[in-house]
Structure formats: C-alpha cells, structure tokens
Amino acid sequence: MEIIKLREEYIKLGQALKAANLVEDGVEAKYAIQDGEVKVNQETETRRGRKLYDGDVISYNGEEIRIEK
Numbered sequence: 016m017e018i019i020k021l022r023e024e025y026i027k028l029g030q031a032l033k034a035a036n037l038v039e040d041g042v043e044a045k046y047a048i049q050d051g052e053v054k055v056n057q058e059t060e061t062r063r064g065r066k067l068y069d070g071d072v073i074s075y076n077g078e079e080i081r082i083e084k
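Its first residue numbered 16, the sequence shown is counted upward by one per residue in the working numbering.
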C-alpha cells in the first residue's frame, strides 16, 4: 500500500491518483473516476473533487493508497 502524506488539510481525489502515479494525467483520472473504477473507503466514488483526509484509503486498478498527515 502506498502512502500519500498531506501537505494541506486535504487532497482531492484526482490529485491523489496523479500523485501516486496510478494515472498519467488529470484526464485519465477524470475518466477512471467517472467510470466508477475508483473506490474511497471501499465505496465507489464518482466525484473527482472529493476531498480526502487523514485515514482515507483509495482503491484503483488493484492498488491501494492511504492518505496520512
């Protein structure tokens, strides 16, 4: 599981996918999220701007990312 350290209070879902190198750019992130391929805390998330906070876990394409302070 990869860990993303927060620099601010939160990070947006699309930005987190890019930061973890799971997508190449914002367009790829947008389509993956819109197509229901991304889960946040085991629930399908379709909002690219979803704010992620300490403790959230993203699942995409067999990979998991944890958000930490």
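For every residue, glycine included, the Cβ atom is placed at its ideal position computed from N, Cα and C.
A quick note: this is a predicted structure, and the numbers were derived from the prediction, not measured.
Cut-off 6 Å between Cβ atoms - residues of its own chain near residue i, not counting five sequence neighbours on either side
{"i": "residue 32", "result": "38, 44"}
Which of helix, strand or coil DSSP assigns to residue i
{"i": "residue 42", "result": "helix"}
{"i": "residue 20", "result": "strand"}
{"i": "residue 3", "result": "Residue numbering for the chain in the displayed model covers 16 to 84; residue 3 lies beyond these limits and cannot be assessed."}
CB of residue i within 9 Å of CB of residue j, strictly
{"i": "residue 48", "j": "residue 68", "result": "no"}
{"i": "residue 60", "j": "residue 28", "result": "yes"}
{"i": "residue 73", "j": "residue 18", "result": "no"}
Cβ of residue i within 9 Å of any chain B Cβ
{"i": "residue 41", "result": "Absent from the structure: chain B. Only one protein chain is present."}
Buried versus exposed, by CB contacts within 10 Å (16 or more), residue i
{"i": "residue 40", "result": "exposed"}
{"i": "residue 55", "result": "buried"}
{"i": "residue 53", "result": "buried"}
Near the ligand FMN: residue i beta-carbon under 8 Å from a heavy atom
{"i": "residue 65", "result": "This structure simply doesn't include the ligand FMN, nor any ligand for that matter."}
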